[in-house]
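Scroll down for the structure; my scribbles are underneath it.
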Amino acid sequence: MATRKGTTVYLYELAWILPSFAIPVGMLVALVVTAFGAGIHLPGLERRIDPTKVAETPPFDKPGLVELAPGRYEVRMTAQIWSFAPREIRVPAGSTVRFWVTSKDVVHGLLIPKANVNLMLLPGQVAFAEARFDTPGEYLMMCHEYCGIAHHTMAGTVIVEARR
Ligand SMILES: [Cu+2]
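Right under this line is the structure:
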């Protein structure tokens, strides 16, 4: 009897010990896969500019859309209370757009739900995203980090024009 009881306790113990090892190992694997496989990481020093001099620092001294090649665009964008510059971007359907964005003042966000763009914009930290716009129409860009009293008005548009 004493042996059976002892075995039962051991099995219950094992049922807790195994997950207590498996869960942290699983989390570590997820961390390694996202960091090295998906390239997700914390903001680094290499893309940092002086947040007080964003307006003078290229390419953010001239915010706007630049055509790199046919169908390939780059937008240099700044976020400030409570707007994006440029506020409107026009590209033909089928274009790939590279977004380089930073904030001039407080923490903002850039969310384009229909294009799977989701960036946190820290002052002076240059954020990057690339998106392809195949379907003509208007794509809402909005700030999704609360940035003050008029946060809800901070929005812009990507207009994707049909090719003729
Ligand atoms: Cu905001």
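At position 1 of the sequence shown the residue is numbered 7 (our numbering), and the sequence of numbers has no breaks.
Quick reminder that beta carbons are idealized off the backbone N, C-alpha and C, glycines included.
Owing to the predicted nature of the structure, the values given are computational and were not obtained by experimental measurement.
Rounded separation between E80 and V164 - CA only: Taking the sequence shown and counting its residues from 1, one reaches residue 80 at position 74. Taking the sequence shown and counting its residues from 1, one reaches residue 164 at position 158. Cα-Cα distance, rounded: 13 Å.
Runs of beta strand (DSSP E) wholly within the stretch 82–117 (minimum 3 residues, chain order): 89–91, 94–98, 101–109, all fully within the stretch 82–117.
Which of helix, strand or coil DSSP assigns to A168: Here residue 168 refers to the residue found at position 162 when the sequence shown is read from its first residue. Correct three-state label for A168: coil.
Segment contact, 8 Å Cβ cut-off, at least three pairs: the stretch 119–131 with the stretch 146–159: Cβ pair count under 8 Å is three or more, so yes.
M160 beta carbon near ligand 1 (any heavy atom closer than 7 Å): Here the question's residue 160 lines up with position 154 in the sequence shown. Between ligand 1 and the CB of M160, the shortest heavy atom gap is smaller than 7 Å.
Beta-ladder partner(s) of I162, from DSSP: Position 156 of the sequence shown, counted from the start, is the residue given in the question as residue 162. Here residue 162 turns out to be Gly, not Ile, going by the sequence shown. DSSP lists M147 as partners of G162.
Span of the beta strand (DSSP E), counted from its first residue to its last, around V72: Working through the sequence shown from its first residue, we reach residue 72 at position 66. For V72, the enclosing beta strand (DSSP E) starts and ends at 70–75.
Coil, strand or helix - A41 by DSSP: Position 35 of the sequence shown, counted from the start, is the residue given in the question as residue 41. Residue state for A41 is assigned as helix, using DSSP reduced to three classes.
Status (buried if at least 16 other CB within 10 Å, exposed otherwise) for K68: Residue numbering aside, residue 68 sits at position 62 when the sequence shown is read from its first letter. Burial check for K68: the Cβ neighbour count within 10 Å stays below 16, so the residue is exposed.
Helix, strand or coil at P30 [DSSP, three-state]: Translated into the one-based positions of the sequence shown, residue 30 becomes position 24. Of the three classes helix, strand and coil, the one that applies to P30 here is helix, per DSSP.
R138 - containing beta strand (DSSP E), residue span: Mapped onto the sequence shown, residue 138 falls at position 132. 133–139 is the extent of the beta strand (DSSP E) around R138.
In DSSP terms, what V123 is bridged to: Numbered from its first residue, the sequence shown carries residue 123 at position 117. V123 pairs with I118.
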